[in-house]
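What follows is a short report on a single structure.
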Amino acid sequence: MDSTDARAPQTPVPPPSPPRLHRRRNPPGATATRALGRWRPTPFFVFGGLFWIGVSLLALSVQACCDLGQHAAVVERLRASLLHPRHPAADLPGAGSPYYSPYALAEGVLARLFGLSGWETVRLAAPVNLLVVLLGLNAFVKRFTANRWASTVALALLGTLWGTEPLAWSGFAGLVSLPVVAGYPSTFALGLALLTWAYAAQLTDPERADPPSRWARGGLGALCGVLLLVHPVSGVAGVLGAAVLVLARVRGGGGALAGEDAAPTGDGVRAGRAAPAGDGVRAGDRLRAGDAAPAGDGARAGRAAPAGDGVVLAGEGAAPARDTGPVRSAADRPVRGPVPARATLRAWAAWWPVPLGALLAALAWFPWFDVFALGADSAVLDPTHAALYTDVLARFWLLGLVALPAFGLRLRRDPRDALTWMCAACVAVAAYGWMSGHYTYGRVLGLAVLPAQVAVAVEVTRAGRGRALKGLAVVAAAGTGFVFAQSGAVLPEQWTPPQTRRLPAWHSYAWAASSVRPGEPVLTDQREAVRSLPGFGIDTVAPVWSDPALPEKERRARWRATHWYLSGRTGTARRAEIARRYDIRWLLLSRWQRVPKEAKVLDFSRETGEVLAKLPDRKGSSR
Numbered sequence: 007m008d009s010t011d012a013r014a015p016q017t018p019v020p021p022p023s024p025p026r027l028h029r030r031r032n033p034p035g036a037t038a039t040r041a042l043g044r045w046r047p048t049p050f051f052v053f054g055g056l057f058w059i060g061v062s063l064l065a066l067s068v069q070a071c072c073d074l075g076q077h078a079a080v081v082e083r084l085r086a087s088l089l090h091p092r093h094p095a096a097d098l099p100g101a102g103s104p105y106y107s108p109y110a111l112a113e114g115v116l117a118r119l120f121g122l123s124g125w126e127t128v129r130l131a132a133p134v135n136l137l138v139v140l141l142g143l144n145a146f147v148k149r150f151t152a153n154r155w156a157s158t159v160a161l162a163l164l165g166t167l168w169g170t171e172p173l174a175w176s177g178f179a180g181l182v183s184l185p186v187v188a189g190y191p192s193t194f195a196l197g198l199a200l201l202t203w204a205y206a207a208q209l210t211d212p213e214r215a216d217p218p219s220r221w222a223r224g225g226l227g228a229l230c231g232v233l234l235l236v237h238p239v240s241g242v243a244g245v246l247g248a249a250v251l252v253l254a255r256v257r258g259g260g261g262a263l264a265g266e267d268a269a270p271t272g273d274g275v276r277a278g279r280a281a282p283a284g285d286g287v288r289a290g291d292r293l294r295a296g297d298a299a300p301a302g303d304g305a306r307a308g309r310a311a312p313a314g315d316g317v318v319l320a321g322e323g324a325a326p327a328r329d330t331g332p333v334r335s336a337a338d339r340p341v342r343g344p345v346p347a348r349a350t351l352r353a354w355a356a357w358w359p360v361p362l363g364a365l366l367a368a369l370a371w372f373p374w375f376d377v378f379a380l381g382a383d384s385a386v387l388d389p390t391h392a393a394l395y396t397d398v399l400a401r402f403w404l405l406g407l408v409a410l411p412a413f414g415l416r417l418r419r420d421p422r423d424a425l426t427w428m429c430a431a432c433v434a435v436a437a438y439g440w441m442s443g444h445y446t447y448g449r450v451l452g453l454a455v456l457p458a459q460v461a462v463a464v465e466v467t468r469a470g471r472g473r474a475l476k477g478l479a480v481v482a483a484a485g486t487g488f489v490f491a492q493s494g495a496v497l498p499e500q501w502t503p504p505q506t507r508r509l510p511a512w513h514s515y516a517w518a519a520s521s522v523r524p525g526e527p528v529l530t531d532q533r534e535a536v537r538s539l540p541g542f543g544i545d546t547v548a549p550v551w552s553d554p555a556l557p558e559k560e561r562r563a564r565w566r567a568t569h570w571y572l573s574g575r576t577g578t579a580r581r582a583e584i585a586r587r588y589d590i591r592w593l594l595l596s597r598w599q600r601v602p603k604e605a606k607v608l609d610f611s612r613e614t615g616e617v618l619a620k621l622p623d624r625k626g627s628s629r
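Here this note's numbering = 1-based position in the sequence shown + 6.
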């Protein structure tokens with residue numbers, strides 16, 4: 007062996023030492039803002055916030071008009087007595103009046119705590135009610151889609167997508183109506199109905215691993231009961247919508263809908279959820295969020311799928327990028343066939359805590375009024391609401407033009423689509439009101455439009471073919487509705503069409519309230535005065551609105567007496583008898599009405615020319 011072949015022993019070389027790490031020290035409090043730095047506002051947070059600020063400013067700028075005085079009067083009566091308030095507009099007991107709802111009681115408590123007047127309380131309630139509507143709309147839309155822009159689109163449609171004839175009415179959220187009625191209980195009921203629907207959709211979500219507890223279902227019933235108490239007519243639509251959600255989405259044989267493992271229509275396939283069997287997807291495979299094909303397409307045979315989705319293309323032999331577990335044969339795969347009717351009935355019966363919770367909530371308010379008696383007393387309100395059925399097509403045709411195709415697409419994917427049947431149920435109630443003459447049920451149209459507008463928003467933001475065309479159609483419809491019906495709320499008069507309604511501008515009656523003490527009856531037949539004076543705590547002889555607390559026959563008799571007193575043909579003795587019967591102390595007359603010789607003029611309005619006159623004190627008067 008050659009010596010050159012011998013190798014010299016080598017000294018082992020130690021491995022290089024790892025580089026020295028210098029730990030960076032954060033200054034005190036630096037980590038507290040790390041989560042804030044990662045937060046990004048959603049589109050709805052930005053545009054919803056701008057909408058809230060703008061409409062709140064409009065609501066605060068609207069003069070005392072319409073029914074604002076009626077709701078301010080309710081607060082004034084509750085300030086005087088929380089347990090036994092008087093009639094909102096007359097010197098009569100207020101027992102049985104639906105105006106004294108939990109919402110009104112909360113306003114009365116706040117007014118007493120902070121020393122607010124009725125007008126101030128109702129005005130300050132407008133931003134709060136608008137916030138409830140925005141929160142409810144966002145929560146409800148999120149139950150049907152994960153798209154970040156869907157809630158913003160739904161908000162835009164809420165204010166613009168109606169018709170070409172403006173509708174300014176309590177409980178209707180069009181842009182020309184919302185600034186006026188923002189402080190009303192009906193606006194709070196609108197937001198509460200959306201929150202109730204969102205909660206019902208959460209409880210009936212097919213993705214739930216476990217059924218909701220009895221307490222959760224009872225809580226849904228309590229929400230429905232409170233909604234009925236806050237605004238009974240809007241509560242009918244809200245409770246009906248919650249019932250449709252339960253009936254449409256709760257099935258027997260498991261928590262999900264029969265034959266479905268996928269997300270609700272319009273959501274695609276969410277993370278960790280099995281794709282529908284038979285669409286070219288292996289049983290047990292999962293689709294990642296955002297990679298699913300549009301609903302109804304699935305991962306069809308012959309269609310390419312993104313790498314790493316674990317989708318096997320039928321007939322192509324493509325292997326998944328990751329192993330998702332053992333593949334079961336068709337014989338071992340569970341088949342979800344039609345659910346037996348008995349199982350469905352048992353599943354529905356398990357929701358008995360909902361009506362129980364609603365019943366208990368309604369009975370808890372019995373000291374103020376009986377919500378169950380309002381159905382029998384609705385006839386006194388029907389003449390007032392008959393106007394809701396005039397020009398119905400002109401008021402809603404743009405919404406129907408785009409909502410009907412959206413409902414058709416949703417029904418084709420899921421015949422039990424909740425949004426479609428919620429709208430249909432509310433429209434059926436409104437149709438019943440028209441055919442039966444109970445026109446009060448026309449108020450449910452204010453909530454019937456909500457599922458339609460949400461369905462349009464979900465469909466227009468849904469990924470798939472024709473998305474641009476659908477978007478153009480919706481923009482054209484909403485733009486037309488804004489120009490011809492809603493633009494008067496935000497644009498100058500010279501920029502709007504003639505038929506567009508402006509925000510009302512009534513004159514204040516503070517000049518009269520400065521002379522009349524709260525609780526003193528005033529006789530007047532002036533349209534604005536009879537609706538505004540009760541907001542200052544002043545009683546009127548003849549209330550303008552029907553109320554179960556005042557029999558309709560008595561209210562009509564009071565109006566006849568008012569017209570007789572102000573008629574120039576009525577004698578002095580007849581006027582004295584009317585003044586004694588209703589304990590009249592003041593008269594508020596227009597500039598064209600003659601002042602009776604027994605009255606003395608104390609003040610007048612330089613804006614309207616109206617006159618405030620005082621009657622002489624009578625012997626034995628209670629005041």
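Beta carbons are placed, not taken as given, at the ideal position from N, Cα and C, and that holds for glycine.
The shortest CA-to-CA distance from Gly477 to any of Gly487, Val464, Val489, Trp565 is the one to Val464. At a Cβ-Cβ threshold of 7 Å, Thr467 and Ala156 count as neighbours. Buried is the label assigned to His237, since at least 16 other Cβ atoms lie within 10 Å of its Cβ.
Within the segment 500-548, the runs of beta strand (DSSP E) at least 3 residues long that lie entirely inside it are, in chain order, 527-529. Pairing Gly114 with Leu163 gives a Cβ-Cβ distance that is not under 7 Å. For Lys603, no beta strand (DSSP E) encloses it, and the DSSP letter there is neither H nor E. Here Cys432 has Ala243, Leu246, Gly247, Val450, Leu451, Leu453, Ala454, Pro457 as same chain residues with Cβ atoms under 8 Å from its own Cβ, once five neighbours each way along the sequence are excluded.
In terms of Cβ geometry, Thr166 and Gln492 form a close pair [threshold 7 Å]. Its chain contains Ala519 as the residues whose beta carbon lies nearer than 6 Å to that of Phe542, once the 5 sequence neighbours on both sides are disregarded; these appear in chain order.
Setting aside the 5 residues that flank it on each side, Trp427 is surrounded in the same chain by Val250, Ala254, each with a C-beta closer than 6 Å to its C-beta; the list follows chain order. Nearest Cα to Gly485 within the set Ala393, Arg422, Leu181, Ser573: Leu181.
Taking every protein chain shown into account, the CB of Trp358 has fewer than 16 other CB atoms within 10 angstroms, so this residue is exposed. Closest in alpha carbon position to Cys71, among Gly100, Ala412, Ala206, Ser176, is Ser176. Contact check for Leu593 against Ala563 fails: the beta carbons are separated by 7 Å or more. Here Val408 is not near Val496, since their CB atoms are 7 Å or more apart. Cβ neighbours of Glu613 within its own chain (closer than 7 Å, five residues either side excluded): His513. Within the segment 92-139, the runs of alpha helix (DSSP H) that reach at least 4 residues and sit entirely inside it are, in chain order, 108-120. Comparing alpha-carbon positions, the option among Phe120, Phe194, Trp203 lying closest to Arg149 turns out to be Trp203. Under DSSP, Phe413 shares a beta bridge with no residue. The alpha-carbon separation between Ala516 and Leu595 amounts to approximately 15 Å.
The beta carbon of Gly124 sits closer than 8 Å to the beta carbons of His77, Ala78, Ala79, Val80, Val81, Glu82, Arg85, Ala117, Gly541, Phe542, Gly543 from its chain, once the five residues preceding and following it are set aside; these are given in chain order. Put simply, the backbone Cα of Ser573 is about 13 Å away from that of Leu529. Residue pairing from DSSP places Lys620 in a beta bridge opposite Trp592, Lys606. Boundaries of the alpha helix (DSSP H) around Val433: 424-442. Rounded to whole angstroms, the separation of the alpha carbons of Thr396 and Val139 is 27 Å.
Per the Cβ contact rule, the segment 89-103 is not in contact with the segment 218-237 (fewer than 3 Cβ pairs under 8 Å).
Taken through DSSP and simplified to helix, strand or coil, Asp388 comes out as helix. Taking Gln599 as reference, the option from Thr568, Tyr588, Phe57 with the minimal CA-CA separation is Thr568. By alpha-carbon distance to Ala195, the top candidate from Val232, Gln208, Pro212, Ala207 is Val232.
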